[in-house]
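All residue numbers for the sequence shown refer to the UniProt record's numbering, where the first residue is 1 and numbers rise by one. Beta carbons: idealized from backbone N, C-alpha and C, even for Gly.
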Amino acid sequence: MSKLENCEYSKNDIKKAGKRLVANIKDEKALNILSAWRKDHSYPLELAEKLLKEISFNIEKEAIFAKRLKRTDSIIKKLNRYKASDSKNKQMQLTTMNDIGGCRIIFSNIKKVQKLVRFLTKSKDFVVRNNYIEDPKPDGYKSIHLIGRFPNIHGELRKIELQIRTKTQHSWATALEIVDLFTDQSIKTNQIKDRNWSNFFKYCSEQFTLLEKNIFLNEENIRFNFQNYMQEYKKNKEKMEFSLYQVYSLSQKLDIIKKFDLYSKSLDKTATHLQLISNKNGNSEGYILIEITKLDKVFSENSKIKDETFQLKSSYFPVDEIDKATKEYLTAEKQILFGNTYVAALVSSNSIKDIGIAYPNYFADSTTFIKNIVTLQEAYKRINPSIFRLGNKIKYLFK
1 MSKLENCEYS
11 KNDIKKAGKR
21 LVANIKDEKA
31 LNILSAWRKD
41 HSYPLELAEK
51 LLKEISFNIE
61 KEAIFAKRLK
71 RTDSIIKKLN
81 RYKASDSKNK
91 QMQLTTMNDI
101 GGCRIIFSNI
111 KKVQKLVRFL
121 TKSKDFVVRN
131 NYIEDPKPDG
141 YKSIHLIGRF
151 PNIHGELRKI
161 ELQIRTKTQH
171 SWATALEIVD
181 LFTDQSIKTN
191 QIKDRNWSNF
201 FKYCSEQFTL
211 LEKNIFLNEE
221 NIRFNFQNYM
231 QEYKKNKEKM
241 EFSLYQVYSL
251 SQKLDIIKKF
261 DLYSKSLDKT
271 ATHLQLISNK
281 NGNSEGYILI
291 EITKLDKVFS
301 ENSKIKDETF
311 QLKSSYFPVD
321 EIDKATKEYL
331 TAEKQILFGN
341 TYVAALVSSN
351 SIKDIGIAYP
361 NYFADSTTFI
371 KNIVTLQEAY
381 KRINPSIFRL
391 GNKIKYLFK
């Protein structure tokens, strides 16, 4: 028996809860079991974060950490994706899901990511589940995922997923999540309404590979980013010229700069929420419950975002109030089922002020991503003066 939330559930009870929720997401008893099972990962998650901080800060003092308990809708969607599979390797139960508790580490460059992975995999306690940097997902997603096992308060081991990525990869991943939020699709699970968006992110990922080699990448001066990118592009022109054209063409077609600016303005009050919470609680570490409510349709008739489309509410819980936090989390998620809330997430980072850095998707902050897109746009225009751009359209029309 597993001891969860002062109750005892067998593994079979937890498995059945997952199956019942796939059939009926509003099953109250199953939701409570899922919440208890999820909360049972909070202490292992804290242990994982503590250990990783000790190791990672020796690699980079400015490394960003974040942890989260997986959202109910994400858990059920994942169970749904695998339920019809006949492959034993792809069968998934609530009890075997690897990423109910997740910890994210963000470094400034790829060498530091690899250094941490090498260190962790020397121990049998960690295994690489997926290396999406060496072998990116079809949509362009890059990160290295490891699985570690940590004890709960009763000494029972729970799986915790570690996502290790660079700032550039993080800017790509969170920009995609912003688009999913505002366009009501899920590119990362291949539930795509507009293929232009998925193609745009795929080609951006290819170009960001060159940006990763830029020693000035995380500097404020775009000029240095541009110069270094041009040097790398010339070395890889044959391989990269098509994807650079696609990034430029699709960013124009989708009006990327303006759209992301509109997305940001739609949630422009959210930074104030974090500042108030930080001022009140001394910027100490804790959990933030984020609730986003959709107030209106995303797009107006002229395809522009309406003002005040979304509203955000943030609640702070100290680490020792995780019980209260998870109960409030489930209450917020139940509101989603009745259409009263659009997104609910329980997240944590090094400190309150770092929440916006670790989870910019919930604040529509695409600053780093847009800086990289501007670099690519300027590079394309420099390489292809206006007289050649029409020729490129014809050249790549059927490619």
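So, under 8 Å CB-CB, residue i and residue j are touching, yes? Tell me the CB distance rounded to an integer number of Å.
i, j, result
"Leu330", "Leu31", "7 Å"
"Ser186", "Gln163", "Ser186 to Gln163, Cβ: 18 Å. No contact."
"Thr189", "Lys77", "7 Å"
"Glu206", "Ser251", "At roughly 14 Å, the Cβ-Cβ gap does not stay under 8 Å, so Glu206 and Ser251 are not in contact."
"Phe317", "Tyr359", "Not confirmed; about 16 Å, so no contact."
"Leu210", "Glu232", "4 Å"
"Ser56", "Ile105", "6 Å"
"Lys112", "Glu60", "5 Å"
"Ser171", "Phe369", "4 Å"
Please classify residue i as buried or exposed, where buried requires at least 16 other C-beta atoms within 10 Å of its C-beta.
i, result
"Leu157", "exposed"
"Glu8", "exposed"
"Ser35", "buried"
"Gly101", "buried"
"Lys381", "exposed"
"Gly155", "exposed"
"Lys167", "buried"
"Leu116", "buried"
"Phe208", "buried"
"Pro151", "exposed"
"Ala23", "exposed"
"Asp194", "exposed"
"Arg81", "exposed"
"Gln191", "exposed"
"Asp320", "exposed"
"Pro385", "exposed"
"Leu337", "exposed"
"Asp40", "buried"
"Val127", "exposed"
"Thr96", "exposed"
Just verifying my parser: in three-state terms, what is the DSSP assignment at residue i?
i, result
"Ala332", "helix"
"Ile383", "helix"
"Pro136", "coil"
"Arg81", "helix"
"Lys61", "coil"
"Gln311", "strand"
"Glu285", "coil"
"Tyr9", "strand"
"Glu241", "helix"
"Phe107", "strand"
"Arg53", "It should be noted that the sequence gives Lys, not Arg, for residue 53. It is helical."
"Lys213", "coil"
"Leu181", "helix"
"Ile25", "coil"
"Gln93", "coil"
"Leu254", "coil"
"Ile305", "Only weak support exists for where Ile305 lies, its pLDDT of 47 falling under 50; the coordinates are left without a value."
"residue 401", "Since the displayed the chain opens at 1 and closes at 399, residue 401 lies outside it and no answer follows."
"Asn225", "helix"
"Tyr359", "coil"
"Asn199", "helix"
"Phe338", "coil"
"Asn372", "helix"
"Tyr141", "coil"
Within the continuous alpha helix (DSSP H) that includes residue i, where are the two ends?
i, result
"residue 429", "In the structure as shown, the chain starts at 1 and stops at 399, and residue 429 therefore has no counterpart that could be examined."
"Arg118", "Ile110 to Leu120"
"Ser366", "Note, Ser366: premise wrong, no alpha helix (DSSP H); not H, not E."
"His154", "It is not in any alpha helix (DSSP H) - His154 carries neither H nor E in the DSSP assignment."
"Ser123", "Note, Ser123: premise wrong, no alpha helix (DSSP H); not H, not E."
"Lys29", "Glu28 to Lys39"
Between which two residues does the beta strand (DSSP E) holding residue i run?
i, result
"Arg149", "Ile144 to Pro151"
"Phe126", "Phe126 to Asn131"
Name, in chain order, the residues that DSSP records as bridge partners for residue i.
i, result
"Gly102", "Arg68 and Glu161"
"Ala344", "Glu291"
"Ser186", "Gln191"
"Thr166", "Phe107"
Kindly say whether residue i, judged by its beta-carbon, lies nearer than 8 Å to any beta-carbon of chain B.
i, result
"Glu134", "Among the protein chains of the structure shown there is no chain B, as only one such chain exists."
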